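S.K.:
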Amino acid sequence: MVKGKSVPGVEGDRIRAIVPAAGKSERFGGLLPKQYCEINGKAVIIHTLEKLNSVDRIESIQVGLSPDDDLWQSLSDIPGKVIDVFHGGETRAETVIQGLKRLTGSSGCNDWVLIHDAARPCVRVESIKRLIDYVLTSGQGGLLAVPVTETLKRASADGVAIDTVDRRLLWRAQTPQMFRTRDLLKAMLDLGQEMSTITDEASAMERAGLSPLLVHSHQDNIKITTPEDLRLAELLL
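Here's what the structure looks like:
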């Protein structure tokens with residue numbers, strides 16, 4: 097677990113970002129996918145990309161879109177570090193794998209990759225920089241996360257509380273998540289049919305026997321999943 101102030105970064109490693117944005121936002125509802133809903137006159141995904149674009153250590157950004165996406169081309173304020181837009185897969189994991197393959201194919205090396213949700217526009221730039229600092233200093237992959245503060249209940253199938261879970265060692269995972277490109281690609285491909293059971297990149301690395309760093313983040317790095325989240329994001333941005 098990592099928290100506290102950041103430490104100086106280590107020079108020499110390229111860092112590139114992948115933003116999976118191929119989801120159909122089925123839980124969100126509404127006429128538009130959540131990444132294209134507007135906050136303060138700007139699409140959610142643009143807010144997100146601007147945060148990544150402002151981090152000096154990030155060299156470039158890839159965006160994975162749905163093959164039937166017809167909204168991306170209507171955006172006029174795409175940040176300059178977005179150099180590659182590709183068609184993603186049916187799931188988040190498939191989209192990330194497509195992006196990783198493009199990175200390893202273009203460079204042939206094992207640089208760092210930073211994966212960030214398109215629907216997390218409220219991430220703080222200082223948090224992204226802290227994640228990068230800790231990962232480069234340790235040489236170990238990691239992710240932004242926050243300790244669980246609420247009381248957690250384990251429920252039965254019929255919705256009755258049957259146990260209280262010890263929260264002292266529990267953290268809520270966020271993004272960005274940062275790993276070596278080839279290491280992450282191998283970990284995800286090695287999952288095979290079990291790939292559908294993971295919900296983030298750190299899960300794949302854990303299955304591969306690795307222990308990602310937990311880098312302290314903020315509660316306001318919310319993922320927009322419901323219309324209520326969108327209204328909250330409007331207040332935070």
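Counted the way our numbering counts, the sequence shown spans residues 97 to 333.
The C-beta atom is built at its ideal place from N, Cα and C for all residues, glycine as well.
Note that the structure is predicted; figures quoted are calculated from it, not measured.
1) Tell me the residue span of the beta strand (DSSP E) that contains H143.
2) Measure the beta-carbon distance from I224 to P272 and round it to whole angstroms, keeping in mind my assumption that it falls under 8 Å.
3) Tell whether a beta-carbon distance below 8 Å holds between V151 and V221.
4) Would you mind sorting A113 into buried or exposed? The rule is 16 or more other CB atoms within 10 Å of its CB.
5) I'd like to check one pair, P116 with G184: are the Cβ atoms closer than 8 Å?
6) From I294 to F275, what does the alpha carbon distance come to, in whole angstroms?
7) From A269 to D166, what does the alpha carbon distance come to, in whole angstroms?
8) From which residue to which residue does the alpha helix (DSSP H) around S223 run?
9) For T260, which residues does DSSP report across the bridge?
10) To which residues does DSSP link D254 through a beta bridge?
M.R.: Straight from the coordinates:
1) Unbroken run through H143 is the alpha helix (DSSP H), 140-149; no beta strand (DSSP E).
2) 6 Å
3) yes
4) buried
5) yes
6) 16 Å
7) 31 Å
8) 221-234
9) K249
10) The partner list for D254 (beta bridge, DSSP) is empty, contrary to what the question assumes.
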